[in-house]
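Residue numbers (the numbering used here), protein chains in the order written: chain A, 1 to 239; chain B, 1001 to 1214; chain C, 2001 to 2215. Think of the CB as a built atom: it goes at the ideal place given N, C-alpha and C, for glycine as much as any other residue.
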Amino acid sequence: MTADPLVRVTGLRKAFGAHRVLDGLALEVRAGEAVALLGANGAGKTTLLKILATLMRPTRGTVLVAGHDCAREPERVRPHVGLIGHGSHVYEDLTALENLKFWTALAGLRAAPAELAGALAAVELDRLAGERVRTFSAGMKRRLSLARFVLARPRVLLLDEPFAGLDQRAKKWLEEHLEAFKARGGAMVMATHSFGRELAVADRIAILSGGAIVLDTPRASLGPDAIARLYRLHTEEGA
Amino acid sequence: MIFARRAWSVVWKDLLVERRSKETLNALAFFSLLLLFVFQFALGPDRERLAAALPGLLWLGFVLAGLLGLGRTFVLERENDCWEGLILAPGDKSAIYVGKLAANVTLMLVVEGLILLLFAVFFNVDLAPALTGLALVMILGTVGLAAVGTLFAAMTAQVRARELLFPVLLLPVQVPVLLGEPLGAVGHWLGLLAAADVIYIVTGLLTFDFLLES
Amino acid sequence: MTRVLGWLAALALLAGLGMAFAVAPREATQGTVQRIMYVHVPSVWVAYCAFVVVFVASIAYLATRAEAADRLAHASAEVGVLFTGLTIATGSIWGKPTWGTWWTWDARLTSVAVLFVMYVGYLLLRGMIDEGERAARYAAVLGVVAALNIPLVHFSVLWWRTLHQPPSLMKPGPSSMPPVIVRALLVNFAAFALLYLYFVAKRIRLLRLEGEAGA
Chain A
1 MTADPLVRVT GLRKAFGAHR VLDGLALEVR AGEAVALLGA NGAGKTTLLK ILATLMRPTR
61 GTVLVAGHDC AREPERVRPH VGLIGHGSHV YEDLTALENL KFWTALAGLR AAPAELAGAL
121 AAVELDRLAG ERVRTFSAGM KRRLSLARFV LARPRVLLLD EPFAGLDQRA KKWLEEHLEA
181 FKARGGAMVM ATHSFGRELA VADRIAILSG GAIVLDTPRA SLGPDAIARL YRLHTEEGA
Chain B
1001 MIFARRAWSV VWKDLLVERR SKETLNALAF FSLLLLFVFQ FALGPDRERL AAALPGLLWL
1061 GFVLAGLLGL GRTFVLEREN DCWEGLILAP GDKSAIYVGK LAANVTLMLV VEGLILLLFA
1121 VFFNVDLAPA LTGLALVMIL GTVGLAAVGT LFAAMTAQVR ARELLFPVLL LPVQVPVLLG
1181 EPLGAVGHWL GLLAAADVIY IVTGLLTFDF LLES
Chain C
2001 MTRVLGWLAA LALLAGLGMA FAVAPREATQ GTVQRIMYVH VPSVWVAYCA FVVVFVASIA
2061 YLATRAEAAD RLAHASAEVG VLFTGLTIAT GSIWGKPTWG TWWTWDARLT SVAVLFVMYV
2121 GYLLLRGMID EGERAARYAA VLGVVAALNI PLVHFSVLWW RTLHQPPSLM KPGPSSMPPV
2181 IVRALLVNFA AFALLYLYFV AKRIRLLRLE GEAGA
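Rendered as C-alpha cells:
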C-alpha cells in the first residue's frame, strides 16, 4: 500500500522568542504504524505532539496530518486527531456517561445512548457509567478519554506518556487497545522519556534530541538494553 | 443544526455542573444579600437619601454580581484541565461562545431577579408599576454585559492576574450598557442597548475562534 | 527615514507653537490659557486616529498573522494612550483656571476618559500574557472590540449628559471658527500627526529588536 503517510513533518521549527525548541525536525508515520518518540524532559516531545494536534502553530516548516496542513487548516485536521496528553479533559462533577455525552456532542457527533454505553463498555467503564469522575483513578480517566475516540474514530492518535501512573492491569489493557487501534489502520505517536510499555507497541523508535529527530529506526530487532544504549549515545551527542 | 446542538451541549453541561455543585449561584446569592447590607451601611440611616440612590444601587448590584459571575465563565475548564479539550473539539468555536453566553445570561438573570426581590423586600420598594420596562432593560443590559464578558473571560482565563484584569477590561467597554440601564425607560436608550447587544454578539461570534486557537 | 520624520515633526511643532501664540487671536474672556486648545484638540484628533490604526492593524493581524501588523497595533496603542493622556491633562489644565474645576463629567471628557481606560487595559492585557503569539492574537481581538465600542460610548455618554445639562461650551462650534484659528489647529494637527508617526516608527523598531532578541 503506497498511500500517503498519515503524518508527514518536514523542516519543522518551533521557536519561543529566540529559543528554538524544535529545529529541522522531520518525521513520517504511515497508517497502521506506531512510533515511540524518545527524548529527555524538555527535549520538545510535548511541543511536537501539540503541534501535530494543532494546539500550537509551527514557526516554520510543513506539518501534514491526514492530508491537511496543521498550520493553515487546523479545523480540517482536528476531526482526524486524538490527543491523550497530560490534561485529563474530564469534568469532575459529571459522571463518566455525561462526560462522554458532552465531548461527543461538542465534536458534532450524533451518538445514541446505546452507542455511548457501547463505547464505555469497550473501555470497561460501563459499570461506572453513572459514577462521578471525581472518584476515578488516573487509569480510569485515561480510559474515559479513549472512550471518546472509540466514537470519534480518529485516524491519528497522539499520546504523551500514556502508560505513566497506570497499574499493571491498566497497562495491559491499554497495550491491547493500542494494538487494536493500529490494526484498524490508525497511526500513532507516543512520547515517553522512559523505556516502558510504549516500546512494546511501537514499530519504530525515534529519538528526539537537540530539536530534531537524530535517530529513526525500526524497533523489531532491538531489545530494551539496545534501545537504552542507543538513547544514551544519541542524546549525549545531540544535547 | 449541528451548531445549535453543539452550543446546547455547552449550556447543558454548564447548567448541569452548576445544579450539582451550586457553587456559583449560592455564592452570588449570598453576595447579593451582603451587597444590601453594604449599601445600607454606606448610605446611612437617612431614608430619603437611600431612596434617591436606589435605582443606581440596583444597577451597581447587577454590575458587581455580573463581574463576579462572568469572570468565572471558564473556571470549570481551567480547574478540570479541559481548556485544551475545547480547543481540540472539531467544529466552529463560536458554538462554544453561544453556549457559554446562553448559560451566563441565564445565571445572571436569575441572580438579578434575586437582587431585585431583595431590594423590594429590604428597601420597601414597589416594583409593580415599572416591572415590564424594568424586565426589558434588564434583559437587554444583561445580554450586552454577558456578550462581552464571555469574550473577555476567555481572554483572561489563562492570564496570571485574571481576577484583576477581567473587571478592568470589561467595565470601560460596558459603559454604554452601564449608562443605558438606569435610564432605560427613555425610548432611544432601548434602541442603543439593542444596537450595542447586536454589535457585541456579532463581534463575539466572529472573534471567539481566535481566542480558542491554542 | 525615521530621523527625517523626527526633524519634520520638530519643525512642524515649532510652526504650530508659533501659530498658537503669535498668529491666533487672543480669546476675549479666557485669556492666554485658552491657547492650550491648540495642543488639546489636535491631541485628541491624533489619539482617535491612533486607535483607528489599532483597529485596522488588529484586523490585519487576525487575517494575515503578520508580525508587522501586530507591532503596528502595539505601537499605535501606546502612542495613542500617550496622546489621550495628553488630551486629558491639557483639558484639566485648561479647565481649572477657566471653570474652577480640574474635572467635569461632560460628554467629551467622559468619552475620552473611557477611551483612555480601554486602551490602558489593552496595554495591560499585552503585558500580562507571556507567550508572544497569544498576546498578539488576544490583543488584536481586544483592539477590534474596543474600537467598535468607541461610537457606542460616544453616543451613550452624549445622551447621558444631555439629560442632565446642556453640552459644555468648551470650544466654539466649528461653523463659527474664524479661518485663522482653523489654520492654527490644522498646523498643530499636522505637527502632532508627524510626532505620532515618529513615535510609532521608533516604537516599532524597538519592538522588532526586542522580538529578535527573544525578550
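Sorted by chain position, which residues of the same chain lie with C-beta nearer than 6 Å to residue i's C-beta, five sequence neighbours on each side aside?
{"i": "residue 2012(C)", "result": "2190, 2191 and 2194"}
{"i": "residue 1111(B)", "result": "1028 and 1065"}
{"i": "residue 83(A)", "result": "53 and 158"}
{"i": "residue 2168(C)", "result": "At residue 2168(C) the pLDDT is 46, less than 50, meaning the model places this residue with poor confidence; the figure from the coordinates comes in the next sentence. Once the five neighbours on either side are set aside, the close Cβ partners of residue 2168(C) are 2106."}
{"i": "residue 2140(C)", "result": "2058, 2061 and 2062"}
{"i": "residue 58(A)", "result": "12, 14, 51 and 71"}
{"i": "residue 1050(B)", "result": "1043"}
{"i": "residue 2170(C)", "result": "Model confidence at residue 2170(C) stands at a pLDDT of 45, short of 50, so the residue's coordinates are unreliable; what they give is reported in the following sentence. Nothing meets the Cβ criterion."}
Residue i: buried (16+ other C-beta within 10 angstroms of its C-beta) or exposed?
{"i": "residue 179(A)", "result": "exposed"}
{"i": "residue 2094(C)", "result": "buried"}
{"i": "residue 2126(C)", "result": "buried"}
{"i": "residue 1006(B)", "result": "buried"}
{"i": "residue 2172(C)", "result": "A caution first: residue 2172(C) carries a pLDDT of 44, below 50, which makes its placement in the model too unreliable to give a value."}
{"i": "residue 221(A)", "result": "exposed"}
{"i": "residue 1132(B)", "result": "exposed"}
{"i": "residue 1202(B)", "result": "exposed"}
{"i": "residue 96(A)", "result": "buried"}
{"i": "residue 89(A)", "result": "buried"}
{"i": "residue 1138(B)", "result": "buried"}
{"i": "residue 224(A)", "result": "exposed"}
On a CA-only basis, which of the options is nearest residue i? Give me that one, please.
{"i": "residue 2040(C)", "options": "2005(C), 2016(C), 2061(C) and 2051(C)", "result": "2016(C)"}
{"i": "residue 32(A)", "options": "56(A), 196(A) and 187(A)", "result": "187(A)"}
{"i": "residue 2111(C)", "options": "1176(B), 1193(B) and 1025(B)", "result": "1176(B)"}
{"i": "residue 1189(B)", "options": "1134(B), 1019(B) and 1014(B)", "result": "1134(B)"}
{"i": "residue 92(A)", "options": "1193(B), 1021(B), 1142(B) and 1044(B)", "result": "1021(B)"}
{"i": "residue 2060(C)", "options": "2143(C), 2044(C), 2036(C) and 2114(C)", "result": "2143(C)"}
{"i": "residue 1016(B)", "options": "1191(B), 1106(B), 1213(B) and 1126(B)", "result": "1106(B)"}
{"i": "residue 1208(B)", "options": "1187(B), 1156(B) and 1141(B)", "result": "1156(B)"}
{"i": "residue 2047(C)", "options": "2213(C), 2200(C), 2180(C) and 2032(C)", "result": "2200(C)"}
{"i": "residue 23(A)", "options": "234(A), 56(A), 216(A) and 212(A)", "result": "212(A)"}
{"i": "residue 161(A)", "options": "85(A), 231(A), 111(A) and 102(A)", "result": "85(A)"}
{"i": "residue 2137(C)", "options": "2033(C), 2036(C) and 2065(C)", "result": "2065(C)"}
{"i": "residue 206(A)", "options": "155(A), 74(A) and 34(A)", "result": "34(A)"}
{"i": "residue 27(A)", "options": "127(A), 225(A) and 215(A)", "result": "215(A)"}
{"i": "residue 1011(B)", "options": "1040(B), 1034(B) and 1095(B)", "result": "1095(B)"}
{"i": "residue 5(A)", "options": "176(A), 156(A), 46(A) and 112(A)", "result": "156(A)"}
{"i": "residue 1117(B)", "options": "1206(B), 1170(B), 1033(B) and 1129(B)", "result": "1033(B)"}
{"i": "residue 1140(B)", "options": "1172(B), 1192(B), 1173(B) and 1077(B)", "result": "1192(B)"}
{"i": "residue 2021(C)", "options": "2184(C), 2209(C) and 2207(C)", "result": "2184(C)"}
{"i": "residue 1151(B)", "options": "1035(B), 1098(B) and 1047(B)", "result": "1098(B)"}
{"i": "residue 8(A)", "options": "45(A), 56(A) and 69(A)", "result": "69(A)"}
{"i": "residue 184(A)", "options": "199(A), 154(A) and 200(A)", "result": "154(A)"}
Can you give me the Cβ contacts of residue i inside the same chain, cut-off strictly under 7 Å, excluding the 5 residues immediately before and after it?
{"i": "residue 1159(B)", "result": "1165"}
{"i": "residue 228(A)", "result": "195"}
{"i": "residue 2204(C)", "result": "2071, 2072 and 2075"}
For residue i, I'd like the list of residues in its chain whose CB is within less than 8 Å of its CB, leaving aside the five on either flank, ordered along the chain.
{"i": "residue 2119(C)", "result": "2051, 2054, 2077, 2080, 2081, 2084 and 2146"}
{"i": "residue 239(A)", "result": "Residue placement at residue 239(A) is poorly supported in this model, since its pLDDT is 43, which falls under 50; the coordinates are not used for a value here."}
{"i": "residue 2197(C)", "result": "2005 and 2009"}
{"i": "residue 1085(B)", "result": "1077"}
{"i": "residue 1204(B)", "result": "1094, 1097, 1101, 1147, 1148, 1150 and 1151"}
Relative to the ligand ZN, is the shortest distance from any of its heavy atoms to the C-beta of residue i smaller than 8 Å?
{"i": "residue 1070(B)", "result": "The ligand ZN is absent from the structure shown, which contains no ligand whatsoever."}
- Count the CB pairs spanning the segment 136 to 148 of chain A and the segment 166 to 178 of chain A that are closer than 8 Å, and state whether there are at least three. yes
- Query: Taking a cut of 8 Å between CB atoms, which residues from the segment 2147 to 2161 of chain C lie near chain B?
  - Reply: 2148, 2149, 2152, 2153, 2155, 2156, 2157, 2159 and 2160
- Message: Within 8 Å, do at least three Cβ pairs link the segment 114 to 129 of chain A to the segment 7 to 16 of chain A?
- Response: no
- Message: Closer than 8 Å is the cut-off here; do at least three beta carbon pairs connect the segment 100 to 111 of chain A with the segment 1078 to 1094 of chain B?
- Response: yes
- Query: Are at least three pairs of beta-carbons, each pair with one atom in the segment 38 to 48 of chain A and one in the segment 192 to 209 of chain A, less than 8 Å apart?
  - Reply: With the cut-off at 8 Å, the segment 38 to 48 of chain A and the segment 192 to 209 of chain A touch.
- Item | Meets three-Cβ-pair contact criterion under 8 Å: the segment 1193 to 1205 of chain B and the segment 2129 to 2136 of chain C | no
- Chain-ordered residues of the segment 1158 to 1174 of chain B with a beta carbon less than 7 Å from chain C: 1159, 1160, 1161, 1165, 1168, 1169, 1172 and 1173
- Item | Members of the segment 1099 to 1126 of chain B that neighbour chain A once the beta carbon cut-off is set at 7 Å | none
- In chain order, what residues of the segment 187 to 200 of chain A put their CB closer than 7 Å to some CB of chain C? none
- Query: Taking one C-beta from the segment 1069 to 1087 of chain B and one from the segment 1142 to 1153 of chain B each time, how about it: are there three or more such pairs within less than 8 Å?
  - Reply: yes
- Query: Listed in chain order, which residues of the segment 2105 to 2124 of chain C have Cβ atoms closer than 7 Å to some Cβ of chain B?
  - Reply: 2114, 2117, 2118, 2121 and 2124
- Message: To be precise: take each residue of the segment 9 to 26 of chain A, compare its Cβ to all Cβ atoms of chain C, and keep it if any distance is under 8 Å. Which residues remain?
- Response: 16, 17, 18 and 19
- Positions along the segment 2131 to 2148 of chain C whose CB lies within less than 8 Å of some CB in chain B: Of all residues in the segment 2131 to 2148 of chain C, only 2133, 2134, 2137, 2138, 2140, 2141, 2142, 2144, 2145, 2146 and 2148 come within less than 8 Å of chain B when Cβ atoms are compared, listed by chain position.
- What are the residues of the segment 2048 to 2077 of chain C that lie near chain B, defined by any Cβ-Cβ distance shorter than 7 Å? Residues passing the 7 Å Cβ filter: 2062.
- Task: Residues of the segment 57 to 81 of chain A with a CB closer than 8 Å to any CB of chain B: list them in chain order, please.
- Result: Residues of the segment 57 to 81 of chain A with a Cβ closer than 8 Å to any Cβ of chain B, in chain order: 57, 74, 75, 78, 79 and 81.
- Mind listing which residues of the segment 107 to 124 of chain A have their C-beta closer than 7 Å to chain B's C-betas, in chain order? 107 and 108
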